[in-house]
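2 protein chains.
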Amino acid sequence: MSNPDATKDRLIEAAGREFAEKGFEAARIRTICERAGANLAAVNYHFGDKEQLYRVVLLEAYRRRSTTVTPELGDLPPAEKLRGFIRFFFEQVVVGEDEGGWQTPLIMRELFHPTAALDEVVGRWIRPRFELLRSIMREIRPGADERRLTVLCFSVVGQCLMYRMTRQVSGRLIGPENLASLDAEYLVDHVATFTLAALGLGPAAGLDETPEG
Amino acid sequence: MSNPDATKDRLIEAAGREFAEKGFEAARIRTICERAGANLAAVNYHFGDKEQLYRVVLLEAYRRRSTTVTPELGDLPPAEKLRGFIRFFFEQVVVGEDEGGWQTPLIMRELFHPTAALDEVVGRWIRPRFELLRSIMREIRPGADERRLTVLCFSVVGQCLMYRMTRQVSGRLIGPENLASLDAEYLVDHVATFTLAALGLGPAAGLDETPEG
DNA sequence: GAGTGTTTCAAACGTTCGTTTCAATCGATT
DNA sequence: AATCGATTGAAACGAACGTTTGAAACACTC
């Protein structure tokens, strides 16, 4: 039945690379089938048309990059929950490595130039995580209205996504070696410190005092 | 000679909108000529082909948006400089409605799906502004090393770019009407408050206390 | 107002794309 | 070995695209 080397799977793999590289419009079905070692008609036979193939590939990208929908945060104090979420978000979205290397680029492309498939992506993958963050934020700021909660969450997510979306620009801006020196541990700690300080739950950011000093 | 309503100018205007909306591949010359009120052959007559038209449009976008490289910050206190930069950044990059409204979206598109032109873009468009932010941040945190300064700046820029990069996702996430309610004034104030609080230069963010209360 | 270079126009060209077709082939079941 | 649904293959289809064409319309000079 589901041979791992089946044409369908090879098509998804090849399509993922092609869509991630060129986007939906510029991607060529002929290229995809060639790379998958399949016939030109294979896409239409297995998926119907180009758009449905894209939808399957996009959801597959999210499936592979999102094994856990929500992190285990238990009943930690709110500040630690927030720190845990930031670590989770970085691991899953920002620095997580994908098999084949096309899932994250594809997802990022979709977020910035959405297609019709975006609604399902938002509903299945983004909203649950955003609601988790919002609930943590509500715990920290019980008095804030919904609008304030939203922008507080956006400030957290924006800081994190920065390192995904502007990677090419950042490399040219500060030099590739300096960008590479910003490892996940350092970034998670910075974003968490920055955010907790902004919320009045920790010391000011950027003072670089060693805790042991 | 150079009638401001000349076909060539109207083509650049229409092409800017089309390229900004759909990108190079998905943009249609027929749509561009239609919007410009020009004949289908006009693009080839005035620019040669689609790619040369794109180059001209992209350079025109930079030319128009490069009038003000840096905001007037004078010798305000550092916290006010930072607030001024955030306002400037929002006006120029995030909500900046340039004539026709296509220059910034087109540039953003180029930034996240870079071509060979990215190096020049970084040098002329991004680096001067980033260095300004870094100098402000250095004034606030004289003791911080370069790496810390970088991520502090990234936290500011990330919060701002959030509202440009993920606009479509945000609309689906919180509803278009809620997204529309986040006007520039509100966002500038939020990001500035959040950032200054993170740096220990202001009250904690999200408390929503009226300053007069 | 004839002459000349520039710009616009409707129509079509050649290509490429996604998609379809239908016969050939495979694989399991009897 | 025969059967039959599932899959693959070579070829072609229709549509849409960027581009070209050649004549008409225009603007300007003398």
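Protein chains in written order, with the working numbering: chain P, 4 to 216; chain X, 4 to 216.
By construction, the Cβ of each residue, glycine as well, lies at the ideal position given by its N, Cα and C atoms.
- Within chain X, no residue has its CB atom less than 9 Å from the CB of Arg31 (chain P), the nearest being about 11 Å off.
- DSSP, reduced to helix, strand and coil, places Val98 (chain P) outside both helices and strands of the structure shown, so it counts as coil.
- Contact between Arg20 (chain X) and Gly40 (chain X) does not hold, since the beta-carbon distance rounds to 13 Å and is not under 8 Å.
- Under the three-state reduction of DSSP output, Pro81 (chain P) falls in the helix class.
- Membership of Leu182 (chain P) in the alpha helix (DSSP H) is indicated by the continuous run 179-183.
- Annotation for His193 (chain P): the continuous alpha helix (DSSP H) segment containing it runs 187-201.
- Around the CB of Arg132 (chain P), 16 or more other CB atoms lie within 10 Å, so the residue is classed as buried.
- A straight-line Cα-Cα distance of about 18 Å links Tyr65 (chain P) and Arg90 (chain P).
- Secondary structure of Glu54 (chain X) (DSSP, three-state): helix.
- Exclusion of the five residues before and after Val59 (chain X) leaves Ile15, Phe50 as the residues of its chain whose Cβ lies within less than 7 Å of its Cβ.
- Contact between the segment 148-161 of chain X and the segment 181-190 of chain P is present: 3 or more CB-CB pairs across the two stretches fall below 8 Å.
- With a cut-off of 8 Å on Cβ pairs, the segment 162-178 of chain P is in contact with the segment 163-171 of chain X, counting three or more such pairs.
- With 16 or more other Cβ atoms from the protein chains shown falling within 10 Å of its own Cβ, Gln106 (chain P) counts as buried.
- The Cβ of Glu28 (chain P) sits closer than 9 Å to at least one Cβ of chain X.
- Using a Cβ distance threshold of 9 Å, Leu85 (chain P) and Leu204 (chain P) count as a contacting pair.
- Contacts between His193 (chain X) and chain P, judged by CB atoms closer than 9 Å, involve Arg151, Val154, Leu155, Phe157, Ser158 in chain order.
- Per the Cβ contact rule, the segment 128-144 of chain X is not in contact with the segment 42-49 of chain X (fewer than 3 Cβ pairs under 8 Å).
- Judged by DSSP in its simplified three-state form, Asn47 (chain X) adopts helix.
- The Cβ-Cβ distance between Ala30 (chain P) and Ala44 (chain P) does not fall below 9 Å.
- For Ser158 (chain P), the uninterrupted alpha helix (DSSP H) run begins and ends at 149-168, by DSSP.
- Under the three-state reduction of DSSP output, Trp105 (chain P) falls in the coil class, being neither helix nor strand.
- The beta carbon of Thr198 (chain P) sits closer than 8 Å to the beta carbons of Leu85, Ile89, Ser158, Val159, Gln162 from its chain, once the five residues preceding and following it are set aside; these are given in chain order.
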